[in-house]
Amino acid sequence: MSDTSSFGASLEALFQTIEARKGADASSSYTARLLAEGPDRLAQKVGEEAVELVIAAAQRDGKSAVSESADLLYHLAVLWSSLGIAPSDVAAALDDRRGVSGLDEKKSRATNNQE
Numbered sequence: 002m003s004d005t006s007s008f009g010a011s012l013e014a015l016f017q018t019i020e021a022r023k024g025a026d027a028s029s030s031y032t033a034r035l036l037a038e039g040p041d042r043l044a045q046k047v048g049e050e051a052v053e054l055v056i057a058a059a060q061r062d063g064k065s066a067v068s069e070s071a072d073l074l075y076h077l078a079v080l081w082s083s084l085g086i087a088p089s090d091v092a093a094a095l096d097d098r099r100g101v102s103g104l105d106e107k108k109s110r111a112t113n114n115q116e
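With the numbering used here applied, the sequence shown corresponds to residues 2 to 116, in that order.
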């Protein structure tokens, strides 16, 4: 099993590749085509990939779950790029939650949403 630093490095490398594809010819780059289609289409793609991952997990198909997870992370990173979100922004949000009970964190979000 790989360590989290290699996962973070892989995600960062993926994001840098996506950023480099901004403005590329959409006919020669799938990433450029997705970026050109905009956040609404990207949100749809993220949803599709998430459903495919859920199906693989429900079928206890680990190999497919790995592949679908990679697809989901790719499309999520493209969505982040289209919205001006960097992986470091997401990492900071995760860091803010470290050491906080998941139940407490969810409760605080519910309270903040009611204000």
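The beta carbon of each residue, even a glycine, is placed where N, CA and C say it ideally should be.
Could you check the C-alpha separation between residue i and residue j for me, to the nearest Å?
| i | j | result |
| --- | --- | --- |
| Gln45 | Thr112 | 28 Å |
| Asp26 | Ala33 | 6 Å |
| Pro88 | Gln60 | 30 Å |
| Ala92 | Ser28 | 32 Å |
| Lys108 | Pro40 | 29 Å |
| Ser83 | Glu69 | 21 Å |
| Asp72 | Asn114 | 31 Å |
| Tyr31 | Val52 | 21 Å |
| Asp96 | Glu38 | 32 Å |
| Gly85 | Asp62 | 34 Å |
| Ala21 | Ala94 | 25 Å |
| Gly6 | Ala14 | Rather than Gly, the amino acid found at residue 6 in this sequence is Ser. Going from the Cα of Ser6 to the Cα of Ala14 covers about 12 Å. |
| Lys64 | Ile56 | 12 Å |
| Ser102 | Asp90 | 21 Å |
| Arg98 | Ala58 | 26 Å |
If you drop the 5 nearest sequence neighbours on each side, which residues of the same chain put their C-beta closer than 6 Å to that of residue i?
| i | result |
| --- | --- |
| His76 | Lys46, Val47 and Glu50 |
| Met2 | Confidence at Met2 is low in this model, with a pLDDT of 48, below 50, so the placement of that residue should be treated as unreliable; the coordinate-derived value is given next. None. |
Check whether the Cβ atoms of residue i and residue j sit closer than 8 Å, and answer yes or no.
| i | j | result |
| --- | --- | --- |
| Ala66 | Leu74 | no |
| Val79 | Leu43 | yes |
| Leu36 | Lys23 | yes |
For residue i, is the beta carbon positioned less than 7 Å from some heavy atom of the ligand HEM?
| i | result |
| --- | --- |
| Arg98 | This structure lacks the ligand HEM; in fact it carries no ligand of any kind. |
Among the residues of its own chain, which have a CB less than 8 Å from the CB of residue i, if the five just before and after it don't count?
| i | result |
| --- | --- |
| Phe16 | Ala78, Trp81, Ser82, Ala87 and Pro88 |
| Thr18 | Thr32 |
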